[in-house]
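Below: the structure, in structure tokens.
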Amino acid sequence: MSPLKPTPIVYVISDSAGETGESVVKAAIVQFLPVAVELKRLPFVHDRSAINQAVEGARASGGVIVFTLVIPELRDYLLEQAVKNHVICIDLLGPIISSLEAALNQQARHEPGMIHKLDEVYFRKVEAVEFAVKYDDGRDPNGVLKADIILTGVSRTSKTPLSMYLAHKSYKVANVPLVPELTPPQELFTINPKKIIGLTINPDKLNEIRRERLKALGLGEEANYAKVQRIREELAHAESVMRKLGCVVIDVSSKAVEETASVIMERIGHK
């Protein structure tokens, strides 16, 4: 009776977490089911000794090496050792990076872990967007205490669009409406005023915006919401609150959301 063949081993070597290489190998292994294949991931390989151990293991077991090394010195060393030891060695990223360098006429960074850094940026943005939605329009005063930026002003001064725009820049933003009949949340007066941005606007411009808003809602323009006298009262009240807060005030009358956001980021500091 012939001895059983050992289970083939695929070594996945990476100078980062190795998840990309492992995913590709798993997708390929499925094509050979029900043949059993052992998978060994060797992440965060940053020196030659780790490469030597992997090559020796693959040579002894008749295994295969698949790698996603982006540091040229490590990649070249692994390929050299694989040839010397007659080990099958597959470079997953090298040909793609080389082709893109040629197509884009630009050198790659050759920096490990870039995918995870991009993931971190993405999840920070998602978290910031969720924060902006949760603490929009003064729904929960606790957001004021947790936010990177607090926007305050009367209705239709672009507080919500600004909150979402800044959220996509990874800022956690809460916005608080100022209405004469409502007392601003006490939390607003307990935080560093440098985090607060007051938004003001020309009364006539606001009147025009509010009338258009009422039209969009199918309501008459005679509503108190769009009357100039009411608007002046709201703006005067907001100005009084902002003076007490000691916050920066930005006039958004002739500014696009992107322009206002740029001014805010310059004052607060870029993420």
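End of the sequence shown = 1049 in our numbering, gap-free, step of one.
Ideal Cβ placement from N, Cα and C applies to all residues, glycine included.
Cβ shell of residue i (< 7 angstroms), same chain only, five flanking positions each side left out
| i | result |
| --- | --- |
| His824 | Asp793 |
| Tyr949 | Ala906, Asp926, Ile927, Lys1049 |
Residues that residue i bridges to, as DSSP identifies them
| i | result |
| --- | --- |
| Asp869 | Phe845 |
| Ser792 | Thr846 |
| Glu858 | The partner list for Glu858 (beta bridge, DSSP) is empty, contrary to what the question assumes. |
| Glu816 | Ile787 |
| Ala952 | Ile928 |
| Ile974 | Ile928 |
Beta-carbon contacts of residue i that lie in its chain and below 6 angstroms, excluding the five residues immediately before and after
| i | result |
| --- | --- |
| Ile866 | Val842 |
| Glu999 | Arg989, Leu992 |
Inter-residue Cα distance where the pair is residue i and residue j
| i | j | result |
| --- | --- | --- |
| Leu984 | Val1041 | 21 angstroms |
| Ala910 | His946 | 10 angstroms |
| Ile1028 | Ser941 | 15 angstroms |
| Ile875 | Glu986 | 54 angstroms |
| Asn953 | Glu1011 | 20 angstroms |
| Ser1018 | Phe822 | 57 angstroms |
| Ser845 | Gly835 | According to the sequence provided, residue 845 is Phe. The question's Ser does not apply to it. For Phe845 and Gly835, the distance between alpha carbons rounds to 15 angstroms. |
| Met779 | Leu820 | Low confidence applies here, because Met779 scores a pLDDT of 42, under 50, leaving its location unreliable; read the following figure in that light. Their Cα atoms are separated by approximately 36 angstroms. |
Per-residue burial, residue i [other beta carbons within 10 Å of its own, 16 or more giving buried]
| i | result |
| --- | --- |
| Glu898 | exposed |
| Lys972 | exposed |
| Val1030 | buried |
| Gly996 | exposed |
| Gln859 | buried |
| Leu1013 | buried |
Assumed close pair residue i, residue j - CB separation to whole angstroms, cut-off 8 angstroms
| i | j | result |
| --- | --- | --- |
| Leu847 | Ile791 | 7 angstroms |
| Glu965 | Val922 | 4 angstroms |
| Pro955 | Ser933 | 6 angstroms |
Cβ shell of residue i (< 8 angstroms), same chain only, five flanking positions each side left out
| i | result |
| --- | --- |
| Glu879 | Gln885, Ala886 |
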